[in-house]
Structures are given as C-alpha cells and as structure tokens.
Amino acid sequence: MTHALPALAALPTPSAPGSPLAVLPYLAAGWMLLAGAHGLVTSRNAVHAVGCLTVVQSGTYVLLIAIGFRRGGTAPYFTDIPPGTPVVDPVAQALALTDVVVGAAVTALLLALVLQTAKRHGTADPDALAGLRG
Numbered sequence: 140m141t142h143a144l145p146a147l148a149a150l151p152t153p154s155a156p157g158s159p160l161a162v163l164p165y166l167a168a169g170w171m172l173l174a175g176a177h178g179l180v181t182s183r184n185a186v187h188a189v190g191c192l193t194v195v196q197s198g199t200y201v202l203l204i205a206i207g208f209r210r211g212g213t214a215p216y217f218t219d220i221p222p223g224t225p226v227v228d229p230v231a232q233a234l235a236l237t238d239v240v241v242g243a244a245v246t247a248l249l250l251a252l253v254l255q256t257a258k259r260h261g262t263a264d265p266d267a268l269a270g271l272r273g
C-alpha cells in the first residue's frame, strides 16, 4: 500500500525563481557575516575575535557555494557527460576551496600571534595591551 504525498509535490523547489527558499543560502551567509562582524566589534578577548573572524569566513564559503549552485547541475567533469548538460560553476567551487585553505592558514597564524602576545603581556584582552599602543 503506497501513500502519495501530494502536499510535498506542491512545495517550491529550493532554487525555483521566485521561491522563498532560493534566497535562504544568501540570508544564511549574510547572517553569518553579520554575526561574526558583531562578535569582532564587541570582543574583549583576542581568541574570541579570531573565532568570530572564522565565522565571517564561513559566511563567505556559504556565499560562494550559493553563487555557484545550479539546480540539476552535475559535477564539472566533462569527460562522460553529453554536451548541454547543466553543471555547477567550477570557479565558485575553486574559490571556496581556496578560501577554506587560506582561512585555515590565517586562523593558525592569528592564534599563534595571540598565544605569543598572551605569553609576553599576560593577557589576551586587546584593550589591556597598553604596550602596543602607538
């Protein structure tokens, strides 16, 4: 006995033009960017600021993947698909991968700098580092 779900067929597809779900990745990316920026501005600890910067970078990953998404698209390997088959944007995927690698390197560098600053000055609070003011 099979039960058809006609209500599910009436739901909009995520990337259909005019669908409220089509803007969801962009809203998620914007929220992540704003939440991370708010954390950066209000942070009282350098480690927390580095974490907030990571959240901002995660928003850029979501944005890049959302820009390159194509409904029904396949992976951009052109050896075994017929011409005219829709594929996702490989440039956006490459940029997102590059963003992940650069983000990991920047996060590691910033955490190392925070660790050295905390060792020398005894605090990770940026406002308490009076010796670094110009």
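Here my numbering runs 139 ahead of the position in the sequence shown, where the first position is 1.
Glycine is no exception: its CB is placed at the ideal position from the N, C-alpha and C atoms.
Distance from the CA atom of glycine 242 to the CA atom of valine 253, rounded to whole angstroms, is 16 Å. Residue environment analysis places leucine 203 among the buried positions, since at least 16 neighbouring C-beta atoms fall within 10 angstroms of its C-beta.
The three-state secondary structure of threonine 193, taken from DSSP, is helix.
For threonine 256, the secondary structure class from DSSP, reduced to helix, strand or coil, is helix.
DSSP places threonine 218 outside any alpha helix (DSSP H), giving it a letter other than H or E.
When the Cα atoms are used, alanine 267 and glycine 261 turn out to be separated by approximately 10 Å.
Beta-bridge analysis with DSSP links valine 226 to Thr213.
Going by C-alpha positions, threonine 193 is about 13 Å away from valine 201. At the C-beta level, glycine 207 and proline 225 stay beyond 8 Å of one another. In the structure shown, threonine 237 adopts helical secondary structure according to DSSP, grouped into three states. Distance from the CA of valine 227 to the CA of tryptophan 170, rounded to the nearest whole angstrom, comes to 24 Å. For threonine 181, the uninterrupted alpha helix (DSSP H) segment begins and ends at 163-181. Rounded to whole angstroms, alanine 214 and tyrosine 165 show a C-alpha spacing of 22 Å. Inclusion of aspartate 238 and threonine 199 in the CB contact set at 8 Å is warranted, their separation being smaller than that value.
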